[in-house]
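Please read the structure below before turning to the comments.
Chains as they are written, first to last, in this note's numbering: chain E, 48 to 154; chain V, 154 to 271.
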């Protein structure tokens, strides 16, 4: 199975900060990676698919990059609704696997 | 509006069975795979299984192979997750989500809670 790691596992930040989350795959997955934001008590929302394509309706402060084994999610200016947990998902090979998550907390 | 709604969760004893359903609306259901994802209390997301759009293929994570099976009724726009021989470690919120052309899945339903407890 493909293992996904994420860093950092948690991060304290302020509204307006720029944040970057990194996701690494244990083997190459091309660009078959998605990013999700999960607010407590809600359904996860997809932000980015195919590593760098912004989902419809997702604010432009989110961007994704990378291919192969290393990927990043950048939030250019944190907003209050971004204090949540972010997950990457490799969708290249079954079983699909999520990263362990990055929890963004308000400083 | 694309919508998925899970149902069927509840409290069950280890070794027993439970059947979850995912009802879809707002899109041509027969054209899309459906995935299941779960989140145990205090843990991260775990992909569980997928069923192909025509029901011809399904894949499961190793921890549920031989215990969980999927089926779908494209005339009723529903997918069912049959969970047998449930274990305490199967306790989680279970979500269904629509597969997408980019191989991932979105949107998700709101989830249904399964608690396996003696």
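Glycine included, C-beta positions come from ideal geometry on N, C-alpha and C.
Computed from a predicted structure; not experimentally measured.
For residue j and residue i, the rounded distance between their alpha carbons
i: residue 235 of chain V; j: residue 106 of chain E; result: 38 angstroms
i: residue 206 of chain V; j: residue 187 of chain V; result: 7 angstroms
i: residue 209 of chain V; j: residue 74 of chain E; result: 28 angstroms
i: residue 68 of chain E; j: residue 157 of chain V; result: 29 angstroms
i: residue 49 of chain E; j: residue 143 of chain E; result: 8 angstroms
i: residue 171 of chain E; j: residue 70 of chain E; result: Because chain E in this structure spans residues 48 to 154, residue 171 of chain E falls outside the shown range and cannot be described.
i: residue 131 of chain E; j: residue 53 of chain E; result: 15 angstroms
i: residue 124 of chain E; j: residue 109 of chain E; result: 9 angstroms
i: residue 81 of chain E; j: residue 111 of chain E; result: 9 angstroms
Of the residues the options, the one placed nearest residue i, counting alpha carbons only
i: residue 204 of chain V; options: V:260, V:251, V:181; result: V:251
i: residue 93 of chain E; options: V:194, V:243, V:261; result: V:261
i: residue 190 of chain V; options: V:166, V:216, V:271; result: V:216
i: residue 248 of chain V; options: V:255, V:263, V:168; result: V:263
Status (buried if at least 16 other CB within 10 Å, exposed otherwise) for residue i
i: residue 153 of chain E; result: exposed
i: residue 113 of chain E; result: buried
i: residue 155 of chain V; result: exposed
i: residue 240 of chain V; result: exposed
i: residue 225 of chain V; result: buried
i: residue 181 of chain V; result: exposed
The ligand ATP heavy atom lying under 8 angstroms from the CB of residue i
i: residue 247 of chain V; result: Only the bare structure without any ligand can be found here, which leaves the ligand ATP out of the picture.
message: Along the region 131 to 147 of chain E, where does the CB come closer than 9 angstroms to a CB of chain V? Name the residues.
response: 132, 134, 136, 138, 139, 141, 142, 143, 144, 145, 146, 147
field: Contact list for the region 194 to 212 of chain V against chain E, Cβ threshold 8 angstroms
entry: 197, 198, 199, 200, 203, 212
message: With three or more C-beta pairs closer than 8 angstroms as the rule, is the region 157 to 170 of chain V touching the region 113 to 125 of chain E?
response: no
- prompt: Closer than 8 angstroms, Cβ to any Cβ of chain V: which residues of the region 89 to 104 of chain E, in chain order?
  reply: 89, 90, 91, 92, 93, 96, 97, 100, 102
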